[in-house]
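Working notes, structure below.
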Amino acid sequence: MIGFEVSEPLCGAFFSYFALWEIKMINRMVSYMITKNYIQDNMKEEYIYAAQMLIEKVYTYIMVMLVGLLSGKCIQTIIFAVTWCCLRKTTGGYHACSTLRCFVGSAIMLLLVVAFAEKLDEAVLFMNILLVLSSVYIFIVGTVNNPYIDYDENELAITKERTRKKIIAVALIIVLLSFLSVPMKKLIYIYWGIVLSALSMMLERIRRKTIVN
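Residue numbers (our numbering): 195 to 407.
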């Protein structure tokens with residue numbers, strides 16, 4: 195391999211350092227807002243969580259714009275990102291243990307999709323089969339719970355219902371766009387948003403079974 199390899203311990207130390215730095219910055223910001231009476235002290239944990247989610251969204255938007263601009267495929271990148279994020283919000287699935295790991299993993303996934311998605315745009319039968327299988331899997335499973343979300347039974351049932359409505363809506367959008375003769379080179383990015391959402395759900399279920407065993 196040309197260049198140098200970053201050892202796993204060094205990489206892990208970098209991720210840990212960044213995560214701790216991020217948490218410290220958020221805590222300082224929220225504590226400052228409390229001292230200035232901008233927010234109530236008993237709402238500290240809620241504001242810390244909201245700030246973490248906001249930072250994650252900012253990272254995501256920046257990443258999508260950069261990948262789109264650098265690849266010259268802004269529309270395709272947005273199509274995939276919207277599909278993925280829309281489904282991901284309720285399907286759950288595999289989650290990285292820190293915001294930075296999530297950002298890096300998402301960036302790699304997005305780059306791979308943009309680089310290789312259109313390689314299979316002519317394999318219409320294969321992609322349609324993959325789409326149907328993934329859509330059915332998402333509809334049946336609905337939502338995969340995990341420690342980072344930790345839905346209770348009622349919340350899980352509601353989220354599963356929302357996921358099923360979403361996957362039906364996305365399927366109808368694909369049918370409509372196909373009817374309007376939107377080229378496969380664009381539709382393929384919606385396909386991959388669905389397929390990778392299903393794959394993420396599968397990975398999380400496998401991970402949980404491995405931990406239990």
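Glycine included, every Cβ here is placed at the ideal spot set by N, Cα and C.
- Look at Val376 here: in three-state DSSP terms it is coil, with no helix or strand label.
- In the assembly as shown, Gly286 is a buried residue. Its beta-carbon has 16 or more other beta-carbons within 10 Å.
- DSSP links Val338 through a beta bridge to Gly286.
- Taking a 10 Å sphere around the C-beta of Thr284, we find 16 or more other C-beta atoms and assign the residue as buried.
- Assigned with DSSP and collapsed to three states, Gly299 falls in helix.
- The Cβ atoms of Val308 and Gln270 lie closer than 8 Å to each other.
- The residues Ile361, Ala365, Ile388, in chain order, have a CB closer than 7 Å to that of Ser329 in the same chain once the five nearest residues on each side in sequence are set aside.
- Judged by DSSP in its simplified three-state form, Gly262 adopts helix.
- Leaving aside the five residues that flank Lys267 on each side, the residues in its chain whose CB is nearer than 7 Å to its CB run, in chain order, Val308.
- Only exposed fits Ala351, as fewer than 16 other CB atoms lie within 10 angstroms of its CB.
- A check of alpha carbon separations from Gly336 across Tyr255, Phe310, Lys354 identifies Lys354 as the nearest.
- Just so you know, the alpha carbons of Met223 and Met395 end up roughly 34 Å apart.
- Under a 10 Å Cβ-count criterion, Ala311 is classified as buried, with 16 or more other Cβ atoms of the shown protein chains found around its own Cβ.
- By the neighbour-count definition (other C-beta atoms within 10 Å, threshold 16), Thr229 is an exposed residue.
- In this structure, the alpha-carbon of Gln246 lies about 8 Å from that of Ile220.
- The residues Ala392, in chain order, have a CB closer than 6 Å to that of Tyr331 in the same chain once the five nearest residues on each side in sequence are set aside.
- Unbroken beta strand (DSSP E) runs of no fewer than 3 residues, entirely contained in the stretch 216-279, are not found.
- Glu250 is positioned such that its CB atom lies no closer than 8 Å to that of Asn340.
- For Met321 and Tyr345, the gap between their C-alpha atoms comes out near 33 Å.
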